[in-house]
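One gets the working numbering by counting positions in the sequence shown from 1 and adding 259 to each. Remarks on the structure that follows.
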Amino acid sequence: MFKKIGIFLEMIKFEHTLFAMPFAIISMFLASGGWPSLKNFVPIVLCMVFARTAAMSFNRLADFKLDAENPRTKTRTLPAGKLKRQTAIALTIIFSLFFITTTLFFEKKLAFYLSPLALAIVLTYSFSKRFTTWTHFWLGMCLAIAPIGTWIAIRGEIAIVPLIIGLAVCLWTAGFDIIYATQDVQFDRKKGLYSIPAKWGISPGLKISTALHLLMIAVLFLLPGFANLGLIYIVGASLVAVLLVYEHSIVKPDSLSKVNVAFFTVNGFVSLGLMGVVILDILI
């Protein structure tokens with residue numbers, strides 16, 4: 260049983276939950292003006308897990324043939340035969356229903372009304388690299404739903420604060436996804452898949468990634484003007500800037516050996532660190 264659970268978690272890359280979840284929690288604390296209530300905290304976390312599981316299961320189905328042909332991804336769960344495609348189909352349907360149903364627990368019903376749209380955005384991302392170079396921004400939009408949707412679930416409205424956080428998340432995600440895409444430039448070009456590095460090259464792609472992260476930092480410094488955040492947040496946002504500078508210093512056009520460190524480890528510190536300073540700032 261534990262082996263099957265491990266295979267399932269491997270397929271959905273459960274550890275990547277730390278990219279979006281911290282920003283949902285940031286939005287949760289800001290929308291609540293402090294500690295969120297359990298009646299909001301639990302369903303929001305469940306919605307995050309359910310939506311992401313459905314999206315990743317569907318993504319693995321959509322990319323099954325491509326993953327099987329790509330030397331970098333052919334050992335993934337489905338092409339390696341560790342899990343049947345029928346199982347992934349069932350997981351996509353089940354967790355999609357779980358996500359929509361869980362939004363009914365919020366007092367503000369706008370979250371429920373918008374849940375099919377949110378689900379459609381995160382599922383259709385799987386096909387974006389087949390027709391648009393801007394696929395990285397589609398992924399950014401998927402992760403940006405986390406803070407925006409959380410705010411809607413608690414407040415029942417769309418406001419400037421979650422939109423600022425969502426914009427920061429979108430720019431940040433698009434930036435690190437461009438770095439990740441540098442690993443598959445030759446394969447993407449061969450298969451007619453779209454990405455910024457595949458279209459314009461690795462070096463220009465990395466420059467665009469840097470520009471997006473600079474914009475993300477600028478957006479982060481806009482947030483205190485609209486939210487009740489002070490010095491602790493400013494210091495934390497400054498440290499995030501340092502981490503992003505480090506991220507770009509270890510990935511070079513002629514040396515991509517540390518892409519995974521930049522993609523996962525550094526960005527994990529970015530999201531968790533920012534969440535920590537926002538919570539600390541609000542509570543203190």
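Where is the CB? At the ideal position from N, CA and C, for every residue including glycine. Just so you know, these numbers come straight off a predicted model, no measurement behind them.
Simplified DSSP assignment, three categories, for residue i
i	result
Ser-385	helix
Ser-316	helix
Lys-367	coil
Ser-514	strand
Trp-431	helix
Ser-468	helix
Glu-416	coil
Arg-335	coil
Span separating the alpha-carbon of residue i from that of residue j
i	j	result
Lys-517	Phe-309	31 Å
Trp-459	Phe-317	28 Å
Gly-408	Leu-471	23 Å
Leu-488	Leu-482	8 Å
Gly-451	Arg-389	7 Å
Thr-360	Ile-509	43 Å
Ala-377	Asp-326	26 Å
Val-230	Met-287	In the structure as shown, the chain starts at 260 and stops at 543, and residue 230 therefore has no counterpart that could be examined.
Ile-419	Lys-449	42 Å
Asn-329	Leu-479	36 Å
Val-501	Gly-532	12 Å
Nearest to residue i (by Cα), restricted to the options the options
i	options	result
Phe-357	Leu-502, Leu-465, Glu-366, Pro-375	Pro-375
Ile-538	Val-501, Cys-429, Tyr-492, His-507	Tyr-492
Ser-462	Ala-500, Thr-469, Pro-512	Pro-512
Phe-435	Arg-414, Arg-319, Asp-447, Leu-473	Leu-473
Leu-465	Ala-457, Ile-476, Trp-397, Ile-437	Ile-437
Cβ separation of residue i and residue j, assumed to be a contact under 8 Å, to the nearest whole Å
i	j	result
Ala-313	Phe-354	4 Å
Tyr-439	Thr-391	About 17 Å; that fails the 8 Å criterion.
Ile-284	Met-534	5 Å
Leu-320	Ile-348	6 Å
Phe-278	Asn-526	7 Å
Unbroken stretches of the beta strand (DSSP E), 3 residues or longer, contained in the segment 450 to 495: none
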